[in-house]
Structure formats: C-alpha cells, structure tokens
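What follows is a set of notes on a single structure, which appears directly below.
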Amino acid sequence: MFMNSRKSFYIAMLMFGVVQAFAQQPLKLWYKQPAQKWTDALPIGNGRIGGMIYGGVTEDHIQYNEQSLWTGGPRDYNRKGAVKYLEPIRKLLADGKQAEAEAMAQQHFMGTKSDEATYAADSAKWFKMIGSYHLPQDELFHDDNLKTINLPTEQGWEVSPGFEGVDGAVWFIKHFNVPADWKGKNLVISLGRIRDIDRTWLNGDYIGTTSGNAYRKYIIPANKIHIGENRLAVQVINFYDKGGFTSNAKTLSVYPEGSENDAISLAGEWKYFIQDDKPPAYPRYNADYQPFADLYLQFPKQEVTDYKRDLDLTTATAHVSYKADGVIYTREYFSSAPDQVMAVHLIADKPGKISLKALLGSLHKNYVIRKIDDHTLGLSLKVKDGVLRGVSYLHVQAMGGKVVVTPKNISVTGANEATFYLTAATNFKNYHDVSGNPEAICKAQIAAITHKNYAAIRDAHIKDYQRYFNTFSIDLGKGENADLPTDERILKFGQSVDPSFISLYAQYGRYLLISSSRPGNGPANLQGLWNNLLTPPWGSKFTTNINLQMNYWPAEVLNLSACSQPFFSIVDDLSKTGHETAAEHYGAPGWVLHHNTDLWRGAAPVNASNHGIWVSGAAWLCHQLWEHYLYTGDKGFLQKRAYPEMKGAAEFFVHFLVKNPKTGYLISTPSNSPEHGGLVAGPTMDHQIIRDLLKNCLEAAKVLNIDKAFADTLKLKYSQIAPNKIGKYGQLQEWMEDKDDTTDTHRHVSHMWGVYPGTDITFKTPELLNAAEKSMKYRGDEGTGWSIAWKVNIWARMHQGDHAYLMLTKLLSPADVSSGKEKGGVYHNLFDAHPPFQIDGNFGGAAGLAEMLLQSQGDAIELLPALPTALPQGSIKGICARGGFVLDLEWQNGRLKNLQVLSKLGKTCRLAYAGRTISIETQTGKNYRFDADLKQL
Ligand code: FUC
Numbered sequence: 001m002f003m004n005s006r007k008s009f010y011i012a013m014l015m016f017g018v019v020q021a022f023a024q025q026p027l028k029l030w031y032k033q034p035a036q037k038w039t040d041a042l043p044i045g046n047g048r049i050g051g052m053i054y055g056g057v058t059e060d061h062i063q064y065n066e067q068s069l070w071t072g073g074p075r076d077y078n079r080k081g082a083v084k085y086l087e088p089i090r091k092l093l094a095d096g097k098q099a100e101a102e103a104m105a106q107q108h109f110m111g112t113k114s115d116e117a118t119y120a121a122d123s124a125k126w127f128k129m130i131g132s133y134h135l136p137q138d139e140l141f142h143d144d145n146l147k148t149i150n151l152p153t154e155q156g157w158e159v160s161p162g163f164e165g166v167d168g169a170v171w172f173i174k175h176f177n178v179p180a181d182w183k184g185k186n187l188v189i190s191l192g193r194i195r196d197i198d199r200t201w202l203n204g205d206y207i208g209t210t211s212g213n214a215y216r217k218y219i220i221p222a223n224k225i226h227i228g229e230n231r232l233a234v235q236v237i238n239f240y241d242k243g244g245f246t247s248n249a250k251t252l253s254v255y256p257e258g259s260e261n262d263a264i265s266l267a268g269e270w271k272y273f274i275q276d277d278k279p280p281a282y283p284r285y286n287a288d289y290q291p292f293a294d295l296y297l298q299f300p301k302q303e304v305t306d307y308k309r310d311l312d313l314t315t316a317t318a319h320v321s322y323k324a325d326g327v328i329y330t331r332e333y334f335s336s337a338p339d340q341v342m343a344v345h346l347i348a349d350k351p352g353k354i355s356l357k358a359l360l361g362s363l364h365k366n367y368v369i370r371k372i373d374d375h376t377l378g379l380s381l382k383v384k385d386g387v388l389r390g391v392s393y394l395h396v397q398a399m400g401g402k403v404v405v406t407p408k409n410i411s412v413t414g415a416n417e418a419t420f421y422l423t424a425a426t427n428f429k430n431y432h433d434v435s436g437n438p439e440a441i442c443k444a445q446i447a448a449i450t451h452k453n454y455a456a457i458r459d460a461h462i463k464d465y466q467r468y469f470n471t472f473s474i475d476l477g478k479g480e481n482a483d484l485p486t487d488e489r490i491l492k493f494g495q496s497v498d499p500s501f502i503s504l505y506a507q508y509g510r511y512l513l514i515s516s517s518r519p520g521n522g523p524a525n526l527q528g529l530w531n532n533l534l535t536p537p538w539g540s541k542f543t544t545n546i547n548l549q550m551n552y553w554p555a556e557v558l559n560l561s562a563c564s565q566p567f568f569s570i571v572d573d574l575s576k577t578g579h580e581t582a583a584e585h586y587g588a589p590g591w592v593l594h595h596n597t598d599l600w601r602g603a604a605p606v607n608a609s610n611h612g613i614w615v616s617g618a619a620w621l622c623h624q625l626w627e628h629y630l631y632t633g634d635k636g637f638l639q640k641r642a643y644p645e646m647k648g649a650a651e652f653f654v655h656f657l658v659k660n661p662k663t664g665y666l667i668s669t670p671s672n673s674p675e676h677g678g679l680v681a682g683p684t685m686d687h688q689i690i691r692d693l694l695k696n697c698l699e700a701a702k703v704l705n706i707d708k709a710f711a712d713t714l715k716l717k718y719s720q721i722a723p724n725k726i727g728k729y730g731q732l733q734e735w736m737e738d739k740d741d742t743t744d745t746h747r748h749v750s751h752m753w754g755v756y757p758g759t760d761i762t763f764k765t766p767e768l769l770n771a772a773e774k775s776m777k778y779r780g781d782e783g784t785g786w787s788i789a790w791k792v793n794i795w796a797r798m799h800q801g802d803h804a805y806l807m808l809t810k811l812l813s814p815a816d817v818s819s820g821k822e823k824g825g826v827y828h829n830l831f832d833a834h835p836p837f838q839i840d841g842n843f844g845g846a847a848g849l850a851e852m853l854l855q856s857q858g859d860a861i862e863l864l865p866a867l868p869t870a871l872p873q874g875s876i877k878g879i880c881a882r883g884g885f886v887l888d889l890e891w892q893n894g895r896l897k898n899l900q901v902l903s904k905l906g907k908t909c910r911l912a913y914a915g916r917t918i919s920i921e922t923q924t925g926k927n928y929r930f931d932a933d934l935k936q937l
C-alpha cells in the first residue's frame, strides 16, 4: 500500500527536508494503520511535555502529559517515633519471629499516608451522607431518568464514558424476569467481584453487603422473588482506583440454587445513577503521576489510501500521511525542548485543503476550556486528590484559509497548511514549593514562538535533539524483515534473523531517554514521561529497588551522560528528605531511602512491611553518582554533589549496621531482599550494595584528598560486613541462612547485584561467580520486562553472550499475544511490557546490548566480551568506557576488525580482547587506532 505512494510521499517529505532521514529508514518505527490502543500510539517528548500520537484519519488523538502533574502535595512522609520500634523489630527477627516482626513494623514503623489523620472521621461522615442500609431506594430512583452502562467492566468502570476518574457511590439497577418454573426455588444472584463495597437490594428488600475482593453470591429465599419481573439494585462504593463489577460477563447471572446451568445472564445493559463522586481522599503512601489532557483533531470524513504512520528516531519527529481524493496529506509531530512546545504541523500537496477542528479534553473531572485569543484555546485543570493545578495553551498558525476560536474549540477551514503549538505547565516548583504560575508559563511560551516560523522551530528541535542522539550509532547488519512495518516485525522476530531490529531497539531506548529525561527537568518515572491513567500501574512513580536505577543504566555507556542530570537532581532532593527519615526511623545520621518515592520525594518505608522496609535505596543511587564520575572524570561534580551524598549514605550505614552475635559479621537489619522472602536480617544484596558504597567513598575521599579519619572507619566497617556465601545447592545465597528454593523463579534476582551492576563478584572470584551462575539457572529465563533486561546484563557480565542474546530475544517478544502471565515483551510501539507497560525494560535492554559489546568495570576495557554468535558482524561508534574513553569498533565473523579510542581525560588506557591485554598512555583529546590484534596503528 505504502509503495504505491512512495514517490508522492517523498515529495511531501521533501517539503520537510527529511528525505535524507527517510532514506536511512532503519531507524524508524512505522505502521500501516492508526493506533487502536495506547500501546500502539507513538511517544514523543522533550523531557517535560510528552505526547502519545494515535494518528487517526478522521480523528487524531494526542494524549499528553506534563512531567510535574501528580496527585498529593508536600507533606512529611516520616512516622514520628518510629525509631522506638527499631530495636524491638531487630530483636524479633534475631529470635526468628518474622511474622511478629512484620506485624510490629506494619503498625509502628511504616511511613505516613496522606490524609491518614482525618480519614476515619471524614469517611464516617461521608458514609452517613450516602445513606444507611434502610435507604428507601425504590422510591428514590425512577429508572426512566437513569442513564445506561454495559456491565461488567473488567478493567473498572473508569473505562466507560461518563465514569472517567469516578470514585464514590454509584447505584446500578437491573430488571430481570424469573420464569414460572422457578417458583418455590431459592435464587442465587451472582455478581462476581465488586470494588470495593456493594449493598444489594432485590425488589426493595435489602439482601446483603460485602466488602473487599470477595466473590459476591447472594442466596435469596424463594418467598422474596417475583415470578415475572424483579428489580435488582446495587449500591457500589469505590474508594479509589478501579470501581464496579470487575469480573467477567459469565459471573453476572441469576439462577435457581443448585441449577447453575439454567442461569439467566445479568451482563449487558444496566441503569445507573452516580449518587456521590466526592468521597474523602483515600489515604495513600505515595502519590500518582497523572495524565494531563488530550488533543483531538477532527477532519472531514474521507476515503483514504496509502496510510502510513511513523516515528523517526534520527529527528525525533513522528508523521502520518495518506492520500484522499487525489490529495496527499501529511502531519508531522514533535515535542521541542528549545521552544518548550509540542508541535503538530499539517500540510497537503494542493492548496486550501487543510480543514479541521481541534478540541481539548481531560480525564480530570475538574477542568475547563476557554478562549484565550483569536488563535489560542486554553485548558485549566486541578487534580482531584492534591494541590496541583495545570494549564495548557493550544495555539494555531495557519497559512491561508480561516481560523475561528470559540470558547470550546479551534476550527481551521481551507488553509494551505496549519501548525498547532501546545504547551502545558503546573504550579509545581519543587517538592516543597507549589507556588508556580502555570498560566504565566504557558502565556510566555506561546508568546515566544509567535514570531517564529515552523521551519525554524523544527530546525531548532532537531538540532537540539541530535546533540544527544548523534553521539552514538550502531549497525548490526540488515535482516530480512528490515523493511516490514514494526508490528509485523515484532511478530516475526522470534522466527527470523533481524539484527537491525536489535539496533533499532537499542536506539529506541536512547530516544526514550532523551525524550523523557532532559537536564533541568525531573527524572524518567516508571513510564518515562507517558501515562494515560489517573491511577496508573504502581502509581507510575519512582520505584527504587531496581526500576529508577535501571532507567539510567544506558545513560553513560550509550553516550547520553547529560540525560542523567535529572537523576542527579532527584538524588539531591532525596538526600535531604532521606536525612529526616534516617533520623525519625533509625536515629541515624546521613540519609536513607526505601523502595519507593514520588514527586514529593518521600523516603520513608511504604506499603507492606514485608517488602517496604529495605534500606539500600540511597546506597544504590550513590553507585550511579560514582559511575558518572568514573565515566566523565568530573571532579567538580564529585566534590560538590556526589561525594557529600555518598558520604551521607555511608554515614547512615556506619550507624545502622549491627553485629550478628552468631557470626560476628556486620549485617543490615531489618531489611529485605527486594520483594522476596519477607522482612529479614542480613539480605545478601544489601551487603553487596553497602560494600560498594563504602569502597567508592574510600576511593572518592582519596581522589579529593579529604576525610582521612572517616576513611579509616569505612575501611574497618568494610572488612566486617557479612560476605557472600555459597549454599548447599552450590548457589549464591540470597539470604544469610542457606534457605534458597531452587524451584523459585521470582522476578527479582537481587543477590546478583554483585555481578551487575556491582562488582562484588567477578572473574577474580571464580567460586562466587560460579555460584551466581547456578543461581541464575535456578531462577530461570522468564520474568517481567525489567527482570529479563536485568538478566541480559548479568549474563553479559558473565561473558555468556549467547545466553544474554537469548534474554534479549525474550525482551523483544510480542507482548500483545502473550498469555497474560508475568512475561516481559514489547507492545506494538516497542514500549516494554512488564506487563503492563513499564519503561525500565526498554532502558535495561539497551544497556544490556552495550554490556555485550563492551565492558569497563574492571582493570581494562573489554572489547566484545559477550558477543553472541547471532551477531557475527557489526560496528558501533561512540560507546563509552570508564576512564573517559569513547570507542568506535567494528567486528566481522565474530572477531574484532578495528578499533579507535578517543581519550577525553588523558588516562592510561588498558584494552583487553581475546586473552590479550595492552596498555597505552593517552593524551586528552587524542584518537588512537588499533588493528584486530590490538596493535596500535
Ligand atoms: C517493583 C517490582 C514490580 C514492579 C514495581 C513497579 O516493585 O517488583 O515488578 O516493577 O516495582
């Protein structure tokens, strides 16, 4: 379909000046149809404003986000007096009383929830208001006035029109007929699972209530049933997140007791009435990242051919093109960092053909649209449970034709071309200041672009983006599927050789990082920058027991060091909030971070005590500060930012580690091997991370020539920390006790931290490495997206290229056809599937490929350390090594062909390949070339 119009498409693209990029087409995601689902839509972003482009023909939908729109507000996440329970919890764990320790910790040691002080009283008041069990519901509701909804709603009622973002009390009414031959029989009314409480009535009689996740089946005595019509009324109360009847259609039925086969289905149309949608805010440990709003572009209905939708990674621009009535229409989309706007540019190859209506809408119930001026529409919103407000401006510039802005929409009629510029902002300034003025920000940003033309804005965007993107390139050879649309390519990937799909995936990881994490903004969250749900999976926040860290694994090695700046800024914040947590919860100096944080930078333990009390978050973040120094040699960064934070994290552990009376070693307690095995004393991962922190602090203090006495303390502590242990199955023990279950395939492989990203276990500790390999085999090759991505890196560190490659192919398997079990893969838009979408797998996967091709964590830069047989030839330019080296290398028939090293810091360069190691002195800014035997040319 696309081939027919290639020539005309070229002409249209020429107008953009993007023919060159198009000619190098491998770095594109492309499709022959618009997106049906959110995970088909194509992401764009400037680190702050992100869009998901559906590219529909008669209606285009661009769902968008602004990075600082979250629920909640500044508050203290720490529990006053928690420290009193630290020793008692430790004692219970030492006595082998895990359940008691977890119970005590749950009650007294977890951080605070939002609104927890006022919720009990507020909800009692609210419950009273929405009615008692004696509510005369038959008189209250006249069915004829009620609207209808299709039940059940397995994904929650929020997906039904009119129910977006609804929490509260809703009545659902259904009439059904009981046949005469059911007379005298008791009836079972099956309602499946209901979130969160139901109060159910039949023919005006109250029949019961259930709360929680239970299956609802009510047995109704025969004398309460009418032969003929019956009226079922269910009041459903939902506190937050998904509401309503959430089981499948089969569970909604009515049947005589004992005769389920005769069931009459209750699925389908019900009447409903939203009684009250303002329940008191439900107490939450963490806040949720929020969608911002939606831009809809509505076009006249037309028959179209030659439809194509793409995302060009070389220019960070997306396109839609098609032919209708002999006219070629093209749209181009991008999110510009220099101009802080998202742009949608519409052209046709004949004059006067651009006519459309643009509308804004939002999932937030609390929003208004208004006319700003003759070219601009505005949207204002406020999040439901929180202090943040958002403003967005949509501005249009058209050539020819007519533009009309009403208080509801913008219409463009008969223009030659039109460009929409969209901006968005909130009142968030930082985690303790929400005094920003989003209106003023939007106004200024739109004012700043009004005197510029589209070409200039587009050029500035591409130039700015390419400063990052063009620092690295990769070519693994072209496979047979290289010219297929991306969705078809995903399906074929498992069955055929498609190396350029792997390079596309790695470059897509870099694209996503550049688009979601730019200097000056916040870091990439669990979904990067892109989220379309008011209650997204895991709050789309920052999970710090693997996920946030993994987001930044590719940054240094794939030459995007600057994209780590937002990561460093969240560490700056957390070192402050975590200082309070260290004092409140542990009576300790320095700072601590547990397994989750959010926009408001809470550092206290959250959720359940069996996994929320995990003390190594800060130490792991610090690992990446030190890595940044190793890659860049930036002493100013080390001195002013990294070292003080590393030192603070180390001070915490100097105080926190306790001596295990049985072994005499220092251990971390209470803590957890992330999300596995409950609250424990001395998980292996903690000790690996803490050792890493102390070692890096020692080296940093040496580089900076400071803190000699503190260094002595660290040295002593380092030598006393419980070592890695090998257990009875030859496995690396995950805990102090030898209790690993070799059949357990849990997604977290936390005790592998010492292999990757740490360096506790290397080829210099062969027994431990061997044990780690055994543990990896026991754990198996399946997992969630990020788990598989982690395994790519671990197998690469173990120099097992083929196993690493196998994991990479699993990461690239199609998510949309998976069994629904915990199995990672990719969606049509190549977003990583946990499932659901979670971006860490994209980043971890890109880093994993780098780890297969180059490693520099040891004494030398290892070239092609885990090259898989499936990638016998290729070349990379711009891959980075610790010590300030940037390498270009080429390989053929599985062997290095040539190499060039740029030295940015003038350090000694040691290179290792195929059993040979060489060492050369280098000068800053100079290039060094080598042949296949590492002979300098
Ligand atoms: C951790 C993981 C889950 C998920 C969540 C966001 O808790 O164990 O798999 O990735 O973070």
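If you read the sequence shown in this note's numbering, its first letter stands for residue 1, the second for the next number, and so on.
Just so it is clear, CB atoms sit at the ideal spot from N, CA and C, and this is done for glycine as well.
The continuous stretches of beta strand (DSSP E) do not include residue 563, and DSSP gives it neither H nor E.
In the same chain as residue 743, and ignoring 5 residues on each side of it, the C-beta atoms closer than 8 Å to its own belong to 778, in chain order.
Secondary structure of residue 173 (DSSP, three-state): strand. Short of 6 Å from the beta carbon of residue 234, and not among the five residues preceding or following it, lie these beta carbons of its own chain, in chain order: 172, 198, 200.
Residue 120 is bridged by DSSP to nothing; it lacks a bridge partner. Of the other Cβ atoms in all chains shown, 16 or more fall within 10 Å of the Cβ of residue 104; this residue is therefore buried. Short note on residue 782: C-beta not closer than 7 Å to any heavy atom of the ligand FUC.
According to the DSSP assignment, residue 514 belongs to the alpha helix (DSSP H) that extends over 499 to 516. In terms of Cα proximity to residue 54, the closest of 525, 636, 828 is 828.
If you check the CB distance, residue 379 and residue 366 do not come in under 8 Å. Residue 538 has its Cβ nearer than 7 Å to a heavy atom of the ligand FUC. Distance between residue 567 and residue 573, taken at the CA atoms: about 10 Å. Counting only the Cα atoms, residue 455 lies some 10 Å from residue 461. Per DSSP, the continuous alpha helix (DSSP H) segment holding residue 766 begins and ends at 766 to 779. Put simply, of 873, 897, 824, 915 the residue whose alpha carbon is nearest the alpha carbon of residue 860 is 915. Per DSSP, residue 325 lies in no beta strand (DSSP E) and is assigned neither H nor E. Under the criterion of beta carbons closer than 8 Å, residue 295 and residue 394 qualify as touching, at roughly 7 Å. It is roughly 16 Å from the alpha-carbon of residue 911 to the alpha-carbon of residue 630. DSSP, reduced to helix, strand and coil, places residue 932 outside both helices and strands of the structure shown, so it counts as coil. A contact is defined here as three or more CB-CB pairs under 8 Å, and the stretch 510 to 523 fails this definition with respect to the stretch 804 to 813.
Cβ-Cβ separation between residue 176 and residue 232: approximately 7 Å, consistent with a contact (criterion under 8 Å). About 5 Å separates the beta carbon of residue 335 from that of residue 49, a gap short enough to meet the 8 Å contact definition.
In the assembly as shown, residue 219 is an exposed residue. Its beta-carbon has fewer than 16 other beta-carbons within 10 Å.
When the Cα atoms are used, residue 498 and residue 880 turn out to be separated by approximately 25 Å. Counting along the chain, the unbroken beta strand (DSSP E) around residue 392 starts and ends at 389 to 399. Counting C-beta pairs closer than 8 Å gives three or more between the stretch 728 to 739 and the stretch 761 to 776, which meets the contact rule. Between residue 437 and residue 704, the alpha-carbon positions lie close to 42 Å from each other. A straight line joining the alpha-carbon of residue 714 with that of residue 666 spans about 12 Å. Counting the other CB atoms within 10 Å of its CB gives residue 354 a total of 16 or more, which places it among the buried residues. Cβ neighbours of residue 210 within its own chain (closer than 8 Å, five residues either side excluded): 194, 197, 198, 216. In the DSSP assignment, residue 686 falls within the unbroken alpha helix (DSSP H) covering 684 to 704. Taking a contact as a CB-CB distance under 8 Å, the pair residue 604 and residue 111 counts as one, their CB atoms being some 3 Å apart. Under the DSSP assignment, residue 375 falls outside any beta strand (DSSP E); it carries neither an H nor an E label. Within the model, the alpha-carbon separation for residue 449 versus residue 396 is close to 11 Å. Taking non-hydrogen atoms of the ligand FUC into account, the C-beta of residue 526 is found less than 7 Å away from one of them. Distances between the C-beta of residue 786 and the heavy atoms of the ligand FUC include at least one below 7 Å.
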